[in-house]
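J.: Taking the working numbering, I'd label the letters of the sequence shown as residues 290 to 660. Ideal Cβ placement from N, Cα and C applies to all residues, glycine included. What you are looking at is a predicted structure, and each value in this text was computed from that prediction instead of being measured. Let me begin by handing over the structure; questions about it come next.
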Amino acid sequence: MNWGTPPWKIDFAAEPHPLPARADFAIVGGGFSGLAAAAWLGEVARERSVVLLEASRIGSGASGRTGGLALAEPAEGPLEGVGDVLGGYRETLERVGAAAGLELGGVYEIGRRGGRSDARIVWEDSGTLRVVKEVEGGGVDPGEILTGLARAASRSGVLLFENTRVQAVEFSSPLVVHTSAGSLAAERVLLATNAESAELSGLAECSRAKFTLAVLTEPLSAAKLADLGLGSGKGFYTADLPYLWGRPMRDDGSVMFGSGLVDLANDAELAALDVDGGVAAGLFAKLDQRVRGLHPALANVPFRLRWGGPIRFGNEWQMFFDYHPRSRHVVVLNGLGGDGVSFSVYLGRWAADVLLGRRPLPSWGKIASES
Ligand SMILES: Cc1cc2nc3c(=O)[nH]c(=O)nc-3n(C[C@H](O)[C@H](O)[C@H](O)COP(=O)(O)OP(=O)(O)OC[C@H]3O[C@@H](n4cnc5c(N)ncnc54)[C@H](O)[C@@H]3O)c2cc1C
């Protein structure tokens with residue numbers, strides 16, 4: 290597997306422990322969703338035992354490889370009764386002590402129709418892209434958020450296990466979680482495995498996994514960023530197709546751009562994916578060419594980094610937040626697609642509250658039974 294290298298660092302390594310024989314809660318997946326749930330359980334239910342099981346390293350899935358645009362609404366439109374996602378995102382990170390450096394100063398929605406006449410973004414990309422509106426949100430440093438959440442969980446007594454893949458869950462009482470490092474009994478389980486392990490989560494028939502791509506330019510001068518309409522430091526995403534998103538990096542003026550989806554039939558295809566070859570390499574070549582064609586300031590821009598990461602979508606592009614089809618003691622949070630930066634943390638906390646019996650599931654997010 291070679292998924293390329295994103296520009297930030299995750300400064301956390303789980304301390305080695307023997308796997309306990311039992312835990313009140315087992316969280317599967319060490320991305321934003323699983324970590325937020327674990328850190329929240331550590332915050333509000335410190336007397337309960339919590340184990341987090343991550344197949345690889347913390348943040349090795351989409352969360353450590355994301356574009357990092359935190360937004361208030363998913364691309365598919367608002368979700369009924371979801372509440373204030375960005376407010377809850379910030380509050381959750383602040384409560385657990387993982388909000389360092391969080392600045393949400395707004396994001397440009399750009400489009401090929403109906404752009405603002407005063408807009409400074411004027412890019413050519415199958416039509417002229419201009420700012421359509423500014424929405425709430427902002428770019429976050431995924432490395433800092435992951436590091437903060439993992440440290441918060443660990444500080445509050447959660448036992449985190451890296452390189453520990455969950456192979457199966459026995460739907461007995463208590464549940465038995467079989468992992469590559471042994472088995473543990475758990476009263477409640479959260480499955481937050483995103484693109485991988487669809488069968489474990491009961492999502493094999495109603496969702497699909499993709500691999501999506503990002504590139505980072507070499508740093509641009511302040512004058513070039515201003516020419517591009519990115520002098521404010523705000524990120525952007527297109528409201529219409531072909532899709533494009535990105536953001537200038539706060540520290541050095543390099544600009545991230547992302548687009549493109551590689552279809553994945555199963556976990557083995559994801560594990561074998563190589564950004565330097567095959568379909569992914571072809572899509573990177575197209576993305577490079579597309580970015581260089583947006584504006585004269587980008588015409589010869591060199592690219593410093595290329596990477597990608599896995600995401601899961603519901604067949605109807607829906608998110609999943611439901612009990613597992615085989616047990617009300619197992620909650621599944623998945624299918625956040627390309628909208629998971631804020632939603633993962635917001636819904637991860639909500640999932641923890643569902644495990645604690647403090648809050649019901651939402652009306653949406655149901656998993657169709659695969660009988
Ligand atoms: C290139 C890219 C750009 C993106 N840009 C944006 C953006 O700008 N804005 C936005 O809102 N969203 C964006 N997204 C989507 C967002 O990053 C994801 O929706 C979000 O990170 C999902 O978090 P998660 O915790 O649910 O999943 P992940 O971070 O993928 O975590 C799941 C974890 O589960 C682990 N796992 C899987 N199976 C098992 C198992 N059997 N046992 C144990 N562990 C297991 C995996 O190793 C992984 O670490 C982007 C994604 C990518 C890839």
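Would the C-beta of residue 471 count as close to ligand 1, meaning under 7 Å from any of its heavy atoms?
T.: Every heavy atom of ligand 1 is 7 Å or more from the Cβ of residue 471, so no.
J.: For the alpha helix (DSSP H) containing residue 575, name the first residue and the last one.
T.: Per DSSP, residue 575 belongs to the alpha helix (DSSP H) from 567-581.
J.: When you compare only the Cα positions, how much space is there between residue 446 and residue 459?
T.: For residue 446 and residue 459, the distance between alpha carbons rounds to 25 Å.
J.: Note down the Cα distance separating residue 428 from residue 355, rounded to an integer number of angstroms.
T.: Spanning the two alpha carbons is a distance of roughly 11 Å.
J.: Start and end of the beta strand (DSSP E) containing residue 301?
T.: From DSSP, residue 301 is part of no beta strand (DSSP E); its letter is neither H nor E.
J.: Which parts of the segment 348-430 are runs of the alpha helix (DSSP H), unbroken and 4 residues or longer, counting only runs that do not cross its ends?
T.: If we require 4 residues or more, the alpha helix (DSSP H) runs fully inside the segment 348-430 come out as 374-385.
J.: Measure from the alpha carbon of residue 378 to the alpha carbon of each residue in 514, 358 and 573, then state which is nearest.
T.: The candidate whose alpha carbon is nearest that of residue 378 is 358.
J.: How is residue 437 classed by DSSP in three states: helix, strand or coil?
T.: Residue 437: helix per DSSP, three-state reduction.
J.: Measure the C-alpha to C-alpha separation of residue 290 and residue 556 and round it to an integer number of angstroms.
T.: Each residue's Cα considered, the two are about 11 Å apart.
J.: Which residues does DSSP list as the beta-bridge partners of residue 499?
T.: Answer is 552 and 600, bridged to residue 499.
J.: Under 7 Å: does the beta carbon of residue 488 sit that close to some heavy atom of ligand 1?
T.: Checking every heavy atom of ligand 1 against the Cβ of residue 488, none is found closer than 7 Å.
J.: So, is residue 654 buried or exposed, given that buried needs 16 or more other C-beta atoms within 10 angstroms?
T.: Answer is buried; the Cβ neighbour count reaches 16.
J.: Please state whether the Cβ-Cβ distance between residue 326 and residue 481 is less than 8 Å.
T.: Their beta carbons are under 8 Å apart, which means residue 326 touches residue 481 by this criterion.
J.: Where does residue 543 land, buried or exposed, given buried means 16+ other C-beta within 10 angstroms?
T.: By the 10 Å Cβ count, residue 543 comes out buried.
J.: Excluding sequence positions up to five away, which residues of its chain have a Cβ less than 6 Å from the Cβ of residue 344?
T.: If we look at residue 344 and ignore the five residues flanking it on each side, its Cβ neighbours are 454.
J.: Can you tell me whether residue 351 is buried or exposed? The criterion is at least 16 other CB atoms within 10 Å of its CB, across all chains shown.
T.: When all chains shown are included, residue 351 counts as buried.
J.: So, is residue 506 buried or exposed, given that buried needs 16 or more other C-beta atoms within 10 angstroms?
T.: Per the 10 Å Cβ criterion, buried.
J.: Is it the case that the Cβ atoms of residue 537 and residue 522 are separated by a distance below 8 Å?
T.: Cβ distance < 8 Å, so residue 537 and residue 522 count as in contact.
J.: In whole angstroms, what separates the C-alpha of residue 519 from that of residue 588?
T.: Rounded to whole angstroms, residue 519 to residue 588 spans 16 Å at the Cα level.
J.: Distance check for residue 639 and residue 423, CA to CA, integer angstroms please.
T.: Answer to the nearest angstrom: the Cα atoms are 28 Å apart.
J.: I'd like the list of long-range same chain contacts for residue 436, defined as Cβ closer than 7 Å, with 5 residues on each side in sequence excluded.
T.: So the qualifying residues of the chain are 299, 300 and 301.
J.: Report the partner residues of residue 507 according to the DSSP bridge assignment.
T.: None; residue 507 has no bridge partner.
J.: DSSP three-state call for residue 585: helix, strand or coil?
T.: In this structure, residue 585 counts as helix in the three-state DSSP scheme.
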